[in-house]
Structures are given as C-alpha cells and as structure tokens.
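Novice:
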Amino acid sequence: MNFILDATVKAVKHLYDIDIAAADINLQETRKEFEGQVTVVTFPFTKFSKKSPEQTGTEVGEFLKNELSEVSGFNVVKGFLNLSIADEYWINQLYNEILPDTFAVVPANGQKVMVEYSSPNTNKPLHLGHVRNNLLGFSISEILGAAGYEVIKANLVNDRGIHICKSMLAWQKFGNGETPESTRLKGDHLVGKYYVIFDQEYKAQIKELKDEGQTEEEAKKNAPLIKEAQEMLQQWEAGNEEVISLWKTMNNWVYGGFAETYRKLGVTFDKFYYESDTYLLGKDIVDEGLAKGVFFRKDDGSVWIDLTSEGLDEKLVLRSDGTSVYMTQDMGTAQLKYNDFHMDKSIYVVGNEQDYHFKVLFTILKKLGKDGADGLFHLSYGMVDLPTGKMKSREGTVVDADDLIEKMEQTAKEQTEAMGKVDGFGEDEKQQLYHTIGMGALKYFLLKVDPKKRLLFNPEESVDFQGHTGPFIQYTHARIRSVLSRAKITNADVTVSQLAPEERDLIVSLTQFPEIIKAAADGYSPAVIANYVYEVAKIYNKFYHECSILQADDENVKEFRLQLSAASGKVINKGMKLLGIDVPERM
RNA sequence: GCACUUGUAGCUCAAUUGGAUAGAGCACCUGACUACGGAUCAGGAGGUUAGGGGUUCGACUCCCUUCAAGUGCACCA
Numbered sequence: 001m002n003f004i005l006d007a008t009v010k011a012v013k014h015l016y017d018i019d020i021a022a023a024d025i026n027l028q029e030t031r032k033e034f035e036g037q038v039t040v041v042t043f044p045f046t047k048f049s050k051k052s053p054e055q056t057g058t059e060v061g062e063f064l065k066n067e068l069s070e071v072s073g074f075n076v077v078k079g080f081l082n083l084s085i086a087d088e089y090w091i092n093q094l095y096n097e098i099l100p101d102t103f104a105v106v107p108a109n110g111q112k113v114m115v116e117y118s119s120p121n122t123n124k125p126l127h128l129g130h131v132r133n134n135l136l137g138f139s140i141s142e143i144l145g146a147a148g149y150e151v152i153k154a155n156l157v158n159d160r161g162i163h164i165c166k167s168m169l170a171w172q173k174f175g176n177g178e179t180p181e182s183t184r185l186k187g188d189h190l191v192g193k194y195y196v197i198f199d200q201e202y203k204a205q206i207k208e209l210k211d212e213g214q215t216e217e218e219a220k221k222n223a224p225l226i227k228e229a230q231e232m233l234q235q236w237e238a239g240n241e242e243v244i245s246l247w248k249t250m251n252n253w254v255y256g257g258f259a260e261t262y263r264k265l266g267v268t269f270d271k272f273y274y275e276s277d278t279y280l281l282g283k284d285i286v287d288e289g290l291a292k293g294v295f296f297r298k299d300d301g302s303v304w305i306d307l308t309s310e311g312l313d314e315k316l317v318l319r320s321d322g323t324s325v326y327m328t329q330d331m332g333t334a335q336l337k338y339n340d341f342h343m344d345k346s347i348y349v350v351g352n353e354q355d356y357h358f359k360v361l362f363t364i365l366k367k368l369g370k371d372g373a374d375g376l377f378h379l380s381y382g383m384v385d386l387p388t389g390k391m392k393s394r395e396g397t398v399v400d401a402d403d404l405i406e407k408m409e410q411t412a413k414e415q416t417e418a419m420g421k422v423d424g425f426g427e428d429e430k431q432q433l434y435h436t437i438g439m440g441a442l443k444y445f446l447l448k449v450d451p452k453k454r455l456l457f458n459p460e461e462s463v464d465f466q467g468h469t470g471p472f473i474q475y476t477h478a479r480i481r482s483v484l485s486r487a488k489i490t491n492a493d494v495t496v497s498q499l500a501p502e503e504r505d506l507i508v509s510l511t512q513f514p515e516i517i518k519a520a521a522d523g524y525s526p527a528v529i530a531n532y533v534y535e536v537a538k539i540y541n542k543f544y545h546e547c548s549i550l551q552a553d554d555e556n557v558k559e560f561r562l563q564l565s566a567a568s569g570k571v572i573n574k575g576m577k578l579l580g581i582d583v584p585e586r587m
C-alpha cells in the first residue's frame, strides 16, 4: 500500500503545498459497513487545508483517483477517505505477491537475537505455568526468525541449589534405591515425588519442634532435615564426590523427563546453560562497576548500586562475605551469553513476578555501558490462574504438564471418534492426529491471549474445538486441502477480471500477513499472529460458504478459486507454524 | 505503606498503538438450497470500556484521581 502513501504525500504537497512524511499518514483497512478497502484518515490534513474534513477528503480523493489507476472510486465520511481499489489490483496481488513462495519471506536482517525461555528448576516436573513460558518462548523465536533475525534459543537450567538438595536428601533417606526404570515413572516425576516427601517430613519435624515449645521460626531453622539439606548443599559446593554423583544421577533423571515433555510440546533449544556453571560468575563485573564508579562499597564490605535517581532503590550486587547473589549471577550470565554469541538483542521469557529484577538488571548493564545492553528485553507474562483461583502446590491444584497434554489428546480422540472423522486412518495416523488436534487446542488457547495479561485457564474451554480455537483453524486448513485434492490446478496463469466481495475480502486479509509478522515481532506477541490467523480462517470459511469452488459456472473462476484456496491454506499453515502449531491434511 | 501490571457483553478475549456506530468466540434464541467437509455459515439479543475529572476535531487508548484484582518490595533464586 506504499503507492497510496506516496500519492497522498504528493496530493498534500500539490493541494496545500505542505511536505508531510509518508510515515505520518494513517492508513487503515476500511470498516466493512463502508464501501472501499483502504481508508486514509484525513483529519490531520485539515490543519493545512483550512477546509472542512469533508472538503479536504474529497480534494485528496479526487487527486488520488486521477493519479492512481488502481483507485477506482472513493467516498468521504467525515475525516475518513475510503478508497475503492480496482479488482485488477487485488487479483494481481494474489498472483504476483501472495502465491509466489517468496510471500511473507523476510530476508535476513543480519541481526542475532537470543531468546531465553523455559529455564526450569530440576527438582520437579513442569506445570501449566511452564507450559505458557515454553510456548511463548518457542513461538516468539519462530516469529523473530520469520522477521529476519537469526535466533538462538537458550535454556538456562537451574540445576543447583537447596531445592535439588531437598529431593536428593529425601531420596537418600526414603527412596529405597528407586529409579525411573524400577518405578516406570518419568524421571522428573520421580524426583518431584521426593521433593514432596521432603516437604512432608520437614513439616512433620517442624510440628514436633513446635510441640516441644519452639516458635515457628525457630522450628523451621532447627529441623534436622533442613539442616541436613543445607549441609548437603555445602558439600556439593565443596565438590564432595558422593553428593556430586547423586546430584548428577538425579538431574539426569529429570533431564530425561524434561526431554520427553519438550518433545511433546514441540519446543527445542540451541544452547543450554546450567547454573552450576554460571552461579559464580559476575564478580569481575562487580569489580568493573566499582572501578567505573557505578557501584559503591559499604562499610561491611557489601557492594551496592544506587538507582534512586532512576526511581528504583539501592540494590545489593555482592554480599558482605564476598559471595554472589542472584543479581551478581545474572550480570555474569548476561556477559557470558554476549561473549558466546555477540547478539544484538536478548530476550528473557520470564514471569511478571520478576519485573523489578529485570528492570534493575537492564539498568545496571546499561550504566556499565555493556555491549548489547540496549537490546535487552524482558518478555514478561502473567500468571496462569484456574477458575478456582491460583495454582497452589500445597493444595494440589497444580496442573501437571504431562497430565494436561495427555488429557488434551484424550479429548481430541473422543471428539474425533464421536464425529466419525477418522474412517480410513491407520493407527499411527490416528494417534498423530489426536496429538496434533489436542496440542493445537492447548497451544492456541494459551497463545491467543496477550502475554502480559494474566491467563485464566478454564479446562473446559481449553478443550473446546469450536469457535475461536486452534482446531477451528486446523479444520479450515483440512477443508482447504480436501478441496484442493479433488481438483487439479491445470493452468496456473488463468485469471478472472472481477471479484466477489468474499473473494476480495479474503485477498485483502491475506496481503496483510507480512505486516502482521512484523507487528508480532516488534511487539513480541504471538497473540497478534493467533488473532490474525483466526481472521483469515473465518473469512475463508465465509468465502467457502458463499462461493462454490468445484461447481463454479466458469472454468476460469474455478481455477481462480482453487488458487485463492491454496494461498489461504499456505498462510494459515505458515501462521500456525509461527505459533508452533501443526495443521493436518485431514481431520 | 511504596512500586509495577491489569480492569472492555453473563463468561473468555480483540480493537491496526489517538480514529468512524467498541468487535469475535462461548453460553442463550432463530435460520442454512438433493452442492465442494455442519469441528461450518447467516441472523437475534447482550456495553455508561470499573467510577469521576482533564487534554482535542476525535479517548478503551494519553494525563490526574478514586476503587478493585494480581505481583514485587531478602546479604533467597
């Protein structure tokens, strides 16, 4: 639509002798209650024209109509100039822009971006909150890739600390040598089981101590189990062989379990970082900050940064005993990542409870003048709530990722079988389809919501396959494939001269795909893609209903509609891929 | 208490980043031709955009304020 912007600049210059920038012109899709496809908002021009909005719009409209052969007509409503673009233009768009394989393919922009996501703790299995994180991280990686970036997907695994020691200790004490093999439990679930056991036993000890007269706080500190766990952590840090060996064994169980969950979710990583390697990093940056005067040392030896002028507080970056805190580590890890990849941008997909932490971290790195500091972004997403409220592990309301995936597949199976949709499918093909549909429903349900908003996960609605859902879009794709399989496109060059309104609406919508990808990348929002793909599917279904394809009166029209269907199928397929969702050929 | 985020139809979400009469889905009601897939399509009903003020040609969007919800405010990660 650049040619309209350029011509509008020309119009304003010609009519009012004022130079405006194309970027300042507000161009939008014409609302469906008005005639036309493209609307120029002409309110701002009245400043120069010194005329009424209607008059101004008419003058610009006349100019554009004379200037551009593509503009077949216009109408003016207040400050809105609605342009009718000739059918020929849209038909050309389909053949010359949308159908070629280069459509919506953005050339590499030479920039690298790292997306860190997932970043699990290794003491328990993944739950619904992690699922949102993983889907967001994977999808935004795909989107940035489609927008021209070279993407590095990174996973910073929190593999050390008191939490994993708790699981280790409980297993040592109560495990009787259980392994994933002996129990046929997924490794992450087995380790999670012992984390829960630790918690139960620990609570029992606290209660005992309280009964003996200690306060809650004292009891929590003095319980033998927690002391043992802390001791184990110290032994780990000291490199005690037995502890390290157990740690390795149990972490490997967890990794085996995670790998399976990741595979089912369809997410992948290019680079793993482990906190056991990074937790001591950052001290050299503390020195650097002190030298540069960005940090200061207090009398007790602790090191701080004063961010009160930024509206933040004073923040500790190194303990008085010289050991690292979370912030120290993250400064060091940021440096490590940059040294590894020299990326232009670095995205952290982390929940919004860490908003403040990242605000501080980014401010520090900027103050230190670190390379890449301007490209830092915290993709902050809201918590996932259930209709009953928050997920609470204590109350057993945490939705386990593996259970959830299984349930989605099961529901897909029931629904599909009830509709008799899988006649003629092989057994593997059926299982594959149930997975595709179940995950399509789940992923779409989680990704259609703006990341920064809290997400209400209603299990009943998430398995809905009608309306604004993943399966609706998948169904539309299967329907397109079905039509295309019934007729061959014999002459790719055949075309028509006039469009039905549904055909025009569909082409207009398809042409927006490239700008939608850009908007999703700029806004770090898969939801933009999700809502767009739904629009396309909806418009296609309307077209499908109103315009007979195989029974079209004219061979040319039939060919044209097949081409249009093929184009729609491609956009739907590609859009869904950006969300990490597969689309089936049949369903 | 302070900071950040959010508040749109009964419910779940949109709204081209300041543009037209605020749109979809679910649920509810009504309809769809011997036809390409009815997981579809068309129609109805449903709104003081949490409340109040302001900025301007124009505000769900920006500013102020009140209210509500969530999160954060450790020499934890």
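Position 226 of the first sequence, counted from 1, bears residue number 226 in the numbering used here, the numbering being contiguous throughout. Idealized CB from N, CA, C, for every residue including glycine.
1) Mind listing, in chain order, the continuous beta strand (DSSP E) runs of no fewer than 3 residues lying wholly within the stretch 345–426?
2) Secondary structure at Gln466, three-state DSSP: helix, strand or coil?
3) For Arg319, which three-state DSSP category applies?
4) To which residues does DSSP link Ala154 through a beta bridge?
5) Does the stretch 517–527 come within contact of the stretch 550–567, defined as at least 3 CB pairs closer than 8 Å?
6) At a cut of 8 Å, does the stretch 359–378 reach the stretch 402–414 through at least three beta carbon pairs?
7) What are the start and end residues of the alpha helix (DSSP H) that includes Ile85?
8) Which of helix, strand or coil does DSSP assign to Phe74?
9) Below 7 Å between beta carbons: does that hold for Pro459 and Gly440?
10) By Cβ distance, which residues of its chain are closer than 7 Å to Gly145, with the 5 residues on each side in sequence left out?
11) Considering only DSSP beta bridges, list what His127 is partnered with.
12) Could you check the C-alpha separation between Ala567 and Phe272 for me, to the nearest Å?
13) Taking C-alpha atoms, which residue in Asp344, Leu386, Ile516 lies nearest to Asn109?
14) Under the assumption that Ala170 contacts Tyr195 (Cβ atoms under 8 Å), give the Cβ distance between them as a whole number of angstroms.
15) Helix, strand or coil for Arg160 per DSSP?
16) Mind checking Val349: buried by the 16 CB within 10 Å criterion, or exposed?
17) At the level of alpha carbons, what is the spacing between Val106 and Thr511?
18) Who are Asn121's beta bridge partners in DSSP?
19) Report buried or exposed for Ile162, applying the criterion of at least 16 other Cβ atoms within 10 angstroms of its Cβ.
20) Decide yes or no for the touch test of the stretch 129–142 against the stretch 182–197: beta carbon pairs closer than 8 Å, at least 3 of them.
21) Just reading off the beta strand (DSSP E) that Leu27 is part of, what are its end residues?
22) What three-state label does DSSP hand Phe296 in the structure shown?
23) With DSSP collapsed to three states, give me the class of Val191.
24) Do the CB positions of Ser119 and Leu156 come within less than 7 Å of each other?
25) Pro526 and Leu456: beta carbons closer than 7 Å?
26) Could you give the C-beta distance for Glu502 and Glu546, rounded to a whole number, given that I count them as a contact under 8 Å?
27) Per DSSP, what kind of secondary structure is Thr39 in: helix, strand or coil?
28) Within its chain, find whatever has a CB closer than 8 Å to the CB of Trp253; leave out the 5 residues flanking it on each side and keep chain order.
29) For Val314, which residues does DSSP report across the bridge?
30) What residue does the alpha helix (DSSP H) around Leu578 start on, and which one ends it?
31) Excluding sequence positions up to five away, which residues of its chain have a Cβ less than 7 Å from the Cβ of Gly222?
32) Going by beta carbon distance, what residues of the same chain come within less than 8 Å of Tyr540, once the five residues before and after it are set aside?
33) Where does Leu456 sit, in a helix, a strand or coil, going by DSSP?
34) Distance, Cα to Cα, Lys453 vs Asn66?
35) Compare the beta carbon distance of Met250 and Val243 with 7 Å and say whether it is the shorter of the two.
36) Need the endpoints of the alpha helix (DSSP H) that Pro224 sits in, please.
Specialist: Taking the structure as given:
1) 345–351, 376–381, 384–386
2) coil
3) coil
4) Glu116, Lys271
5) With contact defined as three or more Cβ pairs closer than 8 Å, the stretch 517–527 and the stretch 550–567 are not in contact.
6) no
7) Where Ile85 is concerned, there is no enclosing alpha helix (DSSP H), although the beta strand (DSSP E) it sits in stretches over 80–85.
8) strand
9) Going by beta carbons, Pro459 and Gly440 fall outside the 7 Å limit.
10) Val151
11) Asp400
12) 38 Å
13) Asp344
14) Rounded to the nearest angstrom, the Cβ distance from Ala170 to Tyr195 is 7 Å, consistent with a contact under 8 Å.
15) coil
16) buried
17) Going by the C-alpha atoms only, they are around 14 Å apart.
18) Asn158
19) If you draw a 10 Å sphere on the C-beta of Ile162, you find fewer than 16 other C-beta atoms in it, and that means exposed.
20) No: fewer than three Cβ pairs fall under 8 Å.
21) 27–29
22) Here Phe296 sits in strand by DSSP.
23) helix
24) yes
25) no
26) 5 Å
27) strand
28) Thr179, Pro180, Gly187, Asp188, Leu190, Val191
29) The question names Val, but residue 314 is Glu in the sequence shown. According to DSSP, Glu314 bridges with Asp306.
30) 555–578
31) Reading off the sequence, residue 222 comes out as Asn, not Gly. Leu209, Gln214.
32) Thr476, Ile480, Leu506, Ser565, Ser568, Ile572
33) strand
34) 47 Å
35) no
36) 224–238
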